[in-house]
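The structure under discussion appears below in the form of structure tokens.
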Amino acid sequence: MLTEEKKDRINFMVEADVLRFGDFVTKSGRNTPYFINTGNYKTGSQLATLGKFYAGMVHAVLRDRFSAMFGPAYKGIPLVAVCATAYWEKYRVDKPYFFNRKEEKDHGEGGSIIGYQPMDGDRIILIEDVITAGTAVREILPLLKSFGDVQVTDMFISVDRMEYGQTPGQSAVAEVAGEFGLQVHALVNVDDIREWLAESGRDPEELRRMDAYREKYCVRS
Numbered sequence: 115m116l117t118e119e120k121k122d123r124i125n126f127m128v129e130a131d132v133l134r135f136g137d138f139v140t141k142s143g144r145n146t147p148y149f150i151n152t153g154n155y156k157t158g159s160q161l162a163t164l165g166k167f168y169a170g171m172v173h174a175v176l177r178d179r180f181s182a183m184f185g186p187a188y189k190g191i192p193l194v195a196v197c198a199t200a201y202w203e204k205y206r207v208d209k210p211y212f213f214n215r216k217e218e219k220d221h222g223e224g225g226s227i228i229g230y231q232p233m234d235g236d237r238i239i240l241i242e243d244v245i246t247a248g249t250a251v252r253e254i255l256p257l258l259k260s261f262g263d264v265q266v267t268d269m270f271i272s273v274d275r276m277e278y279g280q281t282p283g284q285s286a287v288a289e290v291a292g293e294f295g296l297q298v299h300a301l302v303n304v305d306d307i308r309e310w311l312a313e314s315g316r317d318p319e320e321l322r323r324m325d326a327y328r329e330k331y332c333v334r335s
């Protein structure tokens, strides 16, 4: 259901040129009529607003029942930083965050992790942009598990594209929940975006193309 809160989030993404409509290719190789690029957030006010959105979602789900936030390189890095900042500013809960390098460093402090160092018993949450086919999640979780006996329980994203993963008839979100016990929470999903498009008065062709894409690749709610 498209609430006023979700409308505000979608309008924010569109105005920031983060949610775009056109012709794109996803990481999973699918030709898509819409794309989410959180790399297009480029001002302090945008990042501050985004951080409040993420922090509010994390707090609503978990309160302070987690140890640290992890942001996967590269787009997850600014997301986790602004979420941790907003979490402190809004709730006065000071949670550590960390992120990874794409390539392990062999000089200086070394290693592949920057920031907080995970410890046995930690409950880690992930801060990311989107899930399409679950490819990135499968790369991230083995890395985190390699640092100790940690739990990775929840993932917070901007948009759930609600697309099929590797199992016919099952979404990528449902797959990672079943495979890793990872619960995924999104600011908005593709149904919300579709409803927003229908109400927005934009080019009807955008809505037609989104419906065709959803019919081919999405698990309907």
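With the numbering used here, you'll find the sequence shown wraps up at 335, consecutive numbering, no jumps. Ideal placement from N, C-alpha and C gives every residue a C-beta, glycine not left out.
Output the distance between the C-alpha atoms of residue 279 and residue 250, rounded to the nearest integer angstrom. Your numbering for residue 279 matches position 165 in the sequence shown. Your numbering for residue 250 matches position 136 in the sequence shown. A straight line joining the alpha-carbon of residue 279 with that of residue 250 spans about 12 Å.
Reduced DSSP secondary structure (H/G/I, E/B, other) of residue 158: Counting from one through the sequence shown, the residue named residue 158 turns up at place 44. If DSSP states are grouped into helix, strand and coil, residue 158 belongs with the helices.
What are the start and end residues of each continuous beta strand (DSSP E) run of 3 or more residues lying completely inside the stretch 248-315, in chain order? Correct list: 265-274, 297-303.
For residue 115, which option in 332, 316, 305 has the closest C-alpha, if you only look at C-alpha atoms? Along the sequence shown, read from residue 1 onward, the residue named residue 115 stands at position 1. Considering only alpha carbons, the answer is 305.
Report buried or exposed for residue 183, applying the criterion of at least 16 other Cβ atoms within 10 angstroms of its Cβ. As a first step, residue 183 must be located in the sequence shown, where it is residue number 69. Buried, because 16 or more other Cβ atoms sit within 10 Å of the Cβ of residue 183.
Nearest-angstrom beta carbon gap, residue 269 and residue 240 [assumed within contact, 8 Å]: Here residue 240 is taken as the residue at index 126 of the sequence shown, counted from 1. Here residue 269 is taken as the residue at index 155 of the sequence shown, counted from 1. Yes, residue 240 and residue 269 are in contact; Cβ-Cβ is about 4 Å, under 8 Å.
Would you mind reading off the limits of the alpha helix (DSSP H) that contains residue 87? No statement about residue 87 is possible, as the shown extent of the chain runs from 115 to 335 and does not include it.
Assuming residue 321 is part of the alpha helix (DSSP H), what are its boundary residues? As a first step, residue 321 is located in the sequence shown; it is residue number 207 there, counting from the start. Per DSSP, the unbroken alpha helix (DSSP H) holding residue 321 starts and ends at 318-331.
Look at residue 190 and residue 212 and say whether their C-beta atoms are less than 8 Å apart. Along the sequence shown, read from residue 1 onward, the residue named residue 190 stands at position 76. Along the sequence shown, read from residue 1 onward, the residue named residue 212 stands at position 98. No.
If we call anything under 8 Å between Cβ atoms a contact, is residue 171 one with residue 255? Along the sequence shown, read from residue 1 onward, the residue named residue 171 stands at position 57. Along the sequence shown, read from residue 1 onward, the residue named residue 255 stands at position 141. Contact flag unset, no.
Where does residue 120 sit, in a helix, a strand or coil, going by DSSP? Translated into the one-based positions of the sequence shown, residue 120 becomes position 6. In the three-state DSSP reduction, residue 120 falls in the helix class (H, G or I).
Where do the N-terminal and C-terminal ends of the alpha helix (DSSP H) with residue 198 fall, by residue? Position 84 of the sequence shown holds residue 198. 190-205 is the span of the alpha helix (DSSP H), which, as asked, contains residue 198.
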